[in-house]
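Contents: one structure, followed by commentary.
In the working numbering, the protein residues as written are 353 to 497.
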């Protein structure tokens with residue numbers, strides 16, 4: 353939003369399609385944990401691990417259906433199935449994988465404020481899945497309220 357406010361670009365989407373894109377001359381690579389390493393860290397900290405929009409193809413990092421068993425072994429608890437960056441066929445496949453592997457099915461608008469196409473509450477987590485998620489969190493919580 354700062355780039356938009358300064359008039360460098362017109363929209364946030366323009367920034368991510370251009371200067372903030374991984375292929376941009378301005379891109380600086382970074383070291384990040386693998387999904388399995390991130391899941392292990394989340395679980396070690398007492399958290400519930402849900403992988404966000406794993407089939408979001410425009411991001412250039414797509415998990416394959418065959419990758420999920422390894423992630424479950426690492427401690428994965430859920431999959432963000434309902435997200436605008438996954439088409440209906442991808443959502444159906446992810447829903448099937450989550451059901452088969454007994455994972456929580458979540459949804460998200462991925463809303464980070466105005467300036468993006470994502471609408472607040474565009475995709476949601478069902479009440480039943482939310483209860484499952486909360487139950488896992490209660491079992492894992494290191495600090496109790």
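Yeah, the Cβ is synthetic: ideal placement off N, Cα and C, and Gly gets one too.
These figures come from a predicted structure and were not determined experimentally.
field: Start and end residues, alpha helix (DSSP H) containing residue 449
entry: Along the chain shown, read from residue 1 onward, the residue named residue 449 stands at position 97. It spans 440–452 - the alpha helix (DSSP H) in which residue 449 sits, taken as one unbroken run.
query: Across which residues does DSSP place residue 431 in a beta bridge pair?
result: Against the chain shown, residue 431 aligns to sequence position 79. Paired residue(s): 403, 457.
- prompt: In or out: residue 378 buried (at least 16 other Cβ within 10 Å) or exposed?
  reply: The residue you call residue 378 lines up with position 26 of the chain shown. Residue 378 is exposed by the Cβ-count criterion.
- prompt: Where residue 461 and residue 404 are concerned, what is the direct C-alpha to C-alpha distance, given to the nearest angstrom?
  reply: Here the question's residue 461 lines up with position 109 in the chain shown. Here the question's residue 404 lines up with position 52 in the chain shown. Computed Cα separation, rounded: 11 Å.
- prompt: Cα separation between residue 363 and residue 374?
  reply: In the chain shown, residue 363 corresponds to position 11, counting from 1. In the chain shown, residue 374 corresponds to position 22, counting from 1. Cα to Cα, residue 363 sits roughly 18 Å from residue 374.
message: Quick check: what's the CA-CA separation for residue 441 versus residue 391?
response: On the chain shown, residue 441 is found 89 positions in, with the first residue counted as 1. On the chain shown, residue 391 is found 39 positions in, with the first residue counted as 1. Distance between the alpha carbons of residue 441 and residue 391: 26 Å.
message: Which residue marks the beginning of the alpha helix (DSSP H) containing residue 423, and which one marks its end?
response: Your numbering for residue 423 matches position 71 in the chain shown. Run containing residue 423: 420–426, per the alpha helix (DSSP H) assignment.
- prompt: Count the other CB atoms within 10 Å of the CB of residue 438; is the residue buried (16 or more) or exposed (fewer)?
  reply: On the chain shown, position 86 is the one that residue 438 refers to. Classification for residue 438: buried.
- prompt: Do residue 329 and residue 488 have their C-beta atoms closer together than 8 Å?
  reply: With the chain covering 353 to 497 only, the question about residue 329 has no answer from this structure.
- prompt: Exposed or buried, what is residue 398 when buried is set at 16 or more other beta-carbons lying within 10 Å of its beta-carbon?
  reply: On the chain shown, position 46 is the one that residue 398 refers to. Burial call: exposed.
task: Within the same chain, show all residues whose beta-carbon is closer than 8 Å to that of residue 449, passing over the 5 residues directly before and after it, in chain order.
output: Residue numbering aside, residue 449 sits at position 97 when the chain shown is read from its first letter. So the qualifying residues of the chain are 417, 420, 431, 455.
query: In or out: residue 367 buried (at least 16 other Cβ within 10 Å) or exposed?
result: As a working mapping, residue 367 is identified with position 15 in the chain shown. It counts as buried.
- request: Measure from the alpha carbon of residue 478 to the alpha carbon of each residue in 371, 434, 427, then state which is nearest.
  value: Start at 1 with the first residue of the chain shown, and residue 478 comes out as number 126. Residue 478 has its Cα closest to that of 434, out of 371, 434, 427.
message: Please list the terminal residues of the continuous alpha helix (DSSP H) segment that includes residue 416.
response: By 1-based counting over the chain shown, the position of residue 416 is 64. Run containing residue 416: none; DSSP gives neither H nor E here.
message: I'd like the list of long-range same chain contacts for residue 406, defined as Cβ closer than 6 Å, with 5 residues on each side in sequence excluded.
response: As a working note, residue 406 is residue 54 in the chain shown. Once the five neighbours on either side are set aside, the close Cβ partners of residue 406 are 415.
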